[in-house]
Amino acid sequence: MRVAFVGKGGSGKTTLSALFARHLARSGAPLVAVDGDINQHLAHALGLDEDDEFGAPPLSSRTGEIKDCLRGTNPRIVSREAMVKTTPPGRGSRLLRLLGDDDVHGTHVRRVGDVPLMVTGAFSESDLGVACYHSKLGAVELYLNHLVDGAGEYVVVDMTAGADAFASGLFTRFDMTFLVVEPTRKSVSVYRQYREHAAEFGIPIGVVGNKVTGEDDLLFLKEHVGDDLVAHCVQSSYVRAQEQGRAQGELESHNVRTLEQLKAVVDGRTKDWATFQRHAVEFHLRNAAAWANDATGHDLAAQVDPEFRHGPEALASAASF
Numbered sequence: 001m002r003v004a005f006v007g008k009g010g011s012g013k014t015t016l017s018a019l020f021a022r023h024l025a026r027s028g029a030p031l032v033a034v035d036g037d038i039n040q041h042l043a044h045a046l047g048l049d050e051d052d053e054f055g056a057p058p059l060s061s062r063t064g065e066i067k068d069c070l071r072g073t074n075p076r077i078v079s080r081e082a083m084v085k086t087t088p089p090g091r092g093s094r095l096l097r098l099l100g101d102d103d104v105h106g107t108h109v110r111r112v113g114d115v116p117l118m119v120t121g122a123f124s125e126s127d128l129g130v131a132c133y134h135s136k137l138g139a140v141e142l143y144l145n146h147l148v149d150g151a152g153e154y155v156v157v158d159m160t161a162g163a164d165a166f167a168s169g170l171f172t173r174f175d176m177t178f179l180v181v182e183p184t185r186k187s188v189s190v191y192r193q194y195r196e197h198a199a200e201f202g203i204p205i206g207v208v209g210n211k212v213t214g215e216d217d218l219l220f221l222k223e224h225v226g227d228d229l230v231a232h233c234v235q236s237s238y239v240r241a242q243e244q245g246r247a248q249g250e251l252e253s254h255n256v257r258t259l260e261q262l263k264a265v266v267d268g269r270t271k272d273w274a275t276f277q278r279h280a281v282e283f284h285l286r287n288a289a290a291w292a293n294d295a296t297g298h299d300l301a302a303q304v305d306p307e308f309r310h311g312p313e314a315l316a317s318a319a320s321f
C-alpha cells in the first residue's frame with residue numbers, strides 16, 4: 001500500500017512520515033520511504049546525523065537512466081526523451097517489485113536505521129528561475145507508476161507542503177493520503193483545499209491531528225474536520241528531544257497508539273489497480289495535451305496501451321523484475 005503524508009509547512013508531516021515508517025519497520029513489514037518534499041529532511045527525521053551524507057544519488061539526478069530501465073521493450077515509448085513523468089506502463093514495460101533486484105532500488109535505496117529510504121533531491125541553485133520542484137518529482141511519479149507493491153508491503157512518501165501537492169498527478173498514486181493538521185485556522189484551511197481537490201478524483205484522505213495539547217485543541221479539530229479525523233498526536237517531548245539531537249526516552253504511548261491506528265486505516269484499504277491505472281492514463285493525456293506533446297515532438301496519447309492491466313498479474317510479463 002502506498003501512503004502519502006501531506007500538510008501545511010511546519011505541521012509535522014515529515015516527523016509523522018518518519019515515525020510511521022519506523023513503526024512499520026519495527027513491525028517487520030517490507031517498506032520503502034521516499035522523501036518527496038522540497039526541504040529534504042526525512043533522512044534526518046529518521047535518524048541520520050545532520051553532518052552525514054545520505055550516501056545514495058537522488059532519484060532526480062538519474063531520471064534518464066530510470067526512464068531507460070522502466071520503458072524496457074515497450075514499443076510505444078520510442079526513447080527516453082519521449083518518456084515523460086506521466087507516461088504509464090504498458091506491455092513490455094519493466095515493472096518493479098518493492099526492494100527488488102533492479103537498478104532503481106539498487107542504486108537509490110539506503111537504510112537509515114532500519115528504514116530503506118530514497119530521496120528526490122534538493123532544489124539546487126541552478127534550478128532557480130528555471131524549473132519548479134515538480135520537475136524533480138517526475139522520477140518519483142515514474143517509480144510509483146511502475147511499482148507493483150504486494151500485500152503487506154508499504155511505500156511511505158513525505159510529500160511537498162500545502163495544496164501544491166496537487167500541482168501534478170502524483171497525488172493519485174497513493175492508496176491512502178494522511179493530511180497532517182494542527183489545531184489552527186491556517187492548517188485547517190489547507191485541509192479544506194486538499195479535501196476539495198481529493199474529492200474531485202475520489203482520492204481517500206484521513207486527517208491526523210498533530211501537536212494537540214489538550215481538550216480544546218481536540219474539540220477544535222473535531223469541529224472543523226469532523227469525520228475525516230482518524231487519529232491525533234499529542235505534543236511530544238520525545239520528538240522534541242530527537243529534533244534537538246538528544247536521543248532519550250520512548251515515544252509517548254498515546255502517539256504509539258496513533259501510529260497503530262494509522263496502520264489499521266491503511267490495512268483496511270482495498271487495492272484498486274484498475275482505478276490506479278485509469279488515473280495514470282487520465283493525467284498522462286492531460287499532460288500530453290497541455291505541454292508534453294509540444295515538448296517531445298510526439299503524440300504521447302499513443303503511449304497508452306489499452307490492453308495493459310496493471311497489478312500483480314502484469315509481473316508475469318518477460319520484461320518484469
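Numbering-wise (the UniProt record's numbering), the sequence shown opens with residue 1 and increments by one. Note that CB positions come from ideal geometry on N, CA and C, so glycine has one too. Please read these numbers as outputs of a predicted model, since none were measured by experiment.
Beta-bridge pairing by DSSP links residue 96 to 147. Three or more beta-carbon pairs separated by less than 8 Å link the segment 77 to 93 to the segment 278 to 294, which places the two stretches in contact. Close CB contacts of residue 103 within its chain, under the 6 Å cut and outside five residues either way in sequence, are with 69 (chain order). Within the same chain, and ignoring the five residues on either side of residue 204 in sequence, the residues whose Cβ sits closer than 8 Å to its Cβ are 175, 176, 177, 198 and 269.
Partner residues in the beta bridge of residue 232, as assigned by DSSP, are 209. Using a 10 angstroms sphere on the CB of residue 242, the tally of other CB atoms reaches 16 or more, which defines it as buried. The three-state secondary structure of residue 226, taken from DSSP, is helix.
A check of alpha carbon separations from residue 249 across 139, 239 and 22 identifies 239 as the nearest. For residue 112, the enclosing beta strand (DSSP E) stretches over residues 110 to 112. In this structure, residue 190 sits near residue 8, with a CB-CB distance shorter than 9 Å.
Excluding residues up to 5 positions away in sequence, 21, 24, 25, 98, 115, 116, 153, 154, 155 and 156 lie with their Cβ nearer than 8 Å to the Cβ of residue 31 in the same chain. Cβ-Cβ distances below 6 Å link residue 224 to 188 in the same chain, with the five nearest sequence neighbours on each side left out; the list follows chain order.
Distances from the alpha-carbon of residue 46 to those of 271, 113 and 38 put 113 closest. Going by beta carbons, residue 172 and residue 201 fall inside the 9 Å limit. Taken through DSSP and simplified to helix, strand or coil, residue 312 comes out as helix. Spanning the alpha carbons of residue 61 and residue 299 requires a straight line of approximately 26 Å. For residue 55, the CB contacts under 6 Å within the same chain, skipping 5 residues up- and downstream, are 110 in chain order. Within a 10 Å sphere around the beta-carbon of residue 75 sit fewer than 16 other beta-carbons, which makes this residue exposed. Collapsing the DSSP output to three states places residue 91 in coil. Counting C-beta atoms within 10 angstroms of its own C-beta, residue 257 has fewer than 16 neighbours from the protein chains shown and is therefore classed as exposed. Under DSSP, residue 34 shares a beta bridge with 118 and 157.
Of the residues 106, 246, 29 and 12, the one whose Cα lies closest to the Cα of residue 1 is 29. The DSSP-derived three-state label of residue 22 is helix.
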